[in-house]
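Protein chains in written order, with the numbering used here: chain V, 1 to 298; chain X, 299 to 596.
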């Protein structure tokens, strides 16, 4: 399908994309760039990329598909570094967890060359980052949100959909601000709460003792608190206003629960817990997205 | 080791205890009572109990080991129902998630017959409750906290330790109030926060849409929000003051994180996330409890 993938950032997300494209026979050649020489070398050794590019711009040269898989904070600089070789016929995607900031950076950087840019957010990851963990199956069964801009060529959106679908992902389109509101709710705020929950425990003198007693509920509730600090600093800052708005919703719900508890109002407390419990019991990962049985997936 | 187990409450916790004792060859006969006739019948059919008792008191009659595995709110009534047959030579345990309230109820009910009572909290459970899910392996590898009272006979504490250890659990002794403070921190507050997080999502008009987009992080973070409403109503009420105190610690930690985010103070935000992330990455379920390799466990 593609002649040349220009891969900028060869870590878990970018490396997995290249491996998956190759395994699916969808690309002839991968030219990669990484700011880290050792990552670039490992990417070559692992067969993630075929050719090492000496700069982001040169990774884009000659590519009909470009994936930016760099830390959120490096996105705009990377856009600026490659803008002179971006054309409406090149499909350019990112993999960032926030989209309004990426769209704004793309507007500032690409100006009137936005037709080929399709902002993307694959909901995938692993606890271990880096090129050594890149995996051709990372995107199988995951969701990918595309947030095309008014300037984006619909034909490029269709190509983006086709690529991710071919890698086994379920694709959905949304507006950038709707995306950011949704992920503030179901991902970014939960991370903030998990960080706060861990910090609240370790701020107490008996922290070590408390942690020795924790069980499987604590393990699952706090799992996301172990996430990478610089990645999550950037995500929370990039989506700050939506995250703070969701924090207010959360505080209101916690206030209500605490008030019934403080008053020992058993009936009201049970009703609030039941509401949460039934909603969570009804929810299933990916359950409401795709009614087709998984065996029929491409 | 025991001639007769008197089992009061034949659900997941009680039923699993009886099955495990039988499998380990530690009891000759199980006499069971449940408020629910259908549970009692299923317990007999599944071989969880050998004999159905028509009341809690008659389940205790002739028993040298008694396990109360009833809802927290039914604990005191059950103590009062059996107190005339409780003697210092009968080992009596409960399985409640809070201990100060159980100890107080035992003092009110048993008065000077406290020598045989060893309050117990096995940190075990499943998402599916009820006798049909009772499982002889439920307590294998789990922690059991014993909170003996000043009046408890040390020989009975030693017997309690021996029983749980024989079922594959790791036993630890604590004071009831220290237990409740610790579990407010690592279990009860996380449940309250997970309930609040779910309620905050579903209170918003776009809730259905948001939930469709949620991924594995949300799944794990909110898993405990699906817990049983009446069980958790009782636990939170029983440990109200400690839970509210822990909620204050959490709010302070959340305030600090939100303040750095509101000010877009990237350095301070990253430092706070790093603190949480490193603490969580260092923590391991049961990791700090028992240095002995699992193969050497009894």
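We put the beta carbon where it would ideally sit given N, CA and C, even for glycine.
Remark: C-beta atoms of residue 554 of chain X and residue 239 of chain V do not approach each other more closely than 9 Å. Contact note: residue 481 of chain X reaches chain V through 213, using a C-beta cutoff of 8 Å and chain order. Listed in chain order, the positions of the segment 216 to 227 of chain V with a beta carbon within less than 9 Å of a beta carbon of chain X are 216, 217, 218, 219, 220, 221, 222, 223, 224, 225, 226 and 227. At a C-beta separation below 8 Å, residue 252 of chain V has these neighbours in chain X: 498 and 501. Minimum Cα-Cα distance from residue 214 of chain V among the listed residues X/330, X/470 and X/549 corresponds to X/470.
With contacts defined by Cβ atoms closer than 9 Å, residue 577 of chain X and residue 202 of chain V form a contacting pair. Between residue 420 of chain X and the set X/413, X/582, X/552 and X/311, the nearest pair of CA atoms involves X/311. Short of 6 Å from the beta carbon of residue 194 of chain V, and not among the five residues preceding or following it, lie these beta carbons of its own chain, in chain order: 222, 224 and 225. When DSSP states are grouped into helix, strand and coil, residue 471 of chain X belongs to the strand group. If you check the CB distance, residue 2 of chain V and residue 19 of chain V do not come in under 9 Å.
The straight-line gap separating the alpha-carbon atoms of residue 503 of chain X and residue 170 of chain V is approximately 24 Å. For residue 85 of chain V, no Cβ of chain X is located within less than 9 Å of the residue's own Cβ. The straight-line gap separating the alpha-carbon atoms of residue 101 of chain V and residue 566 of chain X is approximately 21 Å. Remark: C-beta atoms of residue 163 of chain V and residue 15 of chain V do not approach each other more closely than 9 Å.
Judged by DSSP secondary structure, residue 533 of chain X falls within the alpha helix (DSSP H) whose first and last residues are 527 to 536. Interface criterion not met: the Cβ of residue 36 of chain V is under 9 Å from no Cβ in chain X. Under DSSP, residue 329 of chain X takes part in a beta bridge, and its partners are X/304 and X/349. The residues 16, 19, 20, 22 and 23, in chain order, have a CB closer than 8 Å to that of residue 136 of chain V in the same chain once the five nearest residues on each side in sequence are set aside. The beta carbon of residue 88 of chain V does not come within 9 Å of any beta carbon belonging to chain X, so the residue lies off that interface. Contact between the segment 337 to 348 of chain X and the segment 393 to 407 of chain X is absent: fewer than 3 CB-CB pairs across the two stretches fall below 8 Å.
By the criterion of at least three beta-carbon pairs nearer than 8 Å, the segment 140 to 148 of chain V is in contact with the segment 106 to 121 of chain V. Note on residue 531 of chain X: 16 or more other CB atoms within 10 angstroms of its CB, so buried under the neighbour-count rule. Within 7 Å of the CB of residue 229 of chain V, the CB atoms of chain X belong to 568, 571, 572 and 575, in sequence order along the chain. In this structure, X/528 is the residue among X/583, X/568, X/528 and X/546 with its C-alpha nearest to the C-alpha of residue 275 of chain V.
Residue 525 of chain X places its beta carbon less than 9 Å from that of residue 489 of chain X.
Residues of chain V whose Cβ lies closer than 8 Å to the Cβ of residue 556 of chain X are, in chain order, 192, 244 and 247. Identification of residues in the segment 122 to 134 of chain V having a C-beta nearer than 7 Å to some C-beta of chain X yields 123, given in sequence order.
By the neighbour-count definition (other C-beta atoms within 10 Å, threshold 16), residue 53 of chain V is a buried residue. In this structure, the alpha-carbon of residue 70 of chain V lies about 41 Å from that of residue 481 of chain X. The beta-carbon of residue 314 of chain X is placed no less than 9 Å from the nearest beta-carbon of chain V. Using a 10 angstroms sphere on the CB of residue 475 of chain X, the tally of other CB atoms stays under 16, which defines it as exposed. DSSP places residue 200 of chain V in no beta strand (DSSP E) but in the uninterrupted alpha helix (DSSP H) bounded by 189 to 202.
In the structure shown, the three-state DSSP call for residue 37 of chain V is helix.
With respect to chain X, the C-beta atom of residue 138 of chain V has no partner C-beta closer than 9 Å.
Proximity of chain X to residue 100 of chain V at the Cβ level (cut-off 8 Å) is not reached, the minimal Cβ distance being about 15 Å. Residue 237 of chain V has its alpha-carbon roughly 6 Å from the corresponding atom of residue 559 of chain X.
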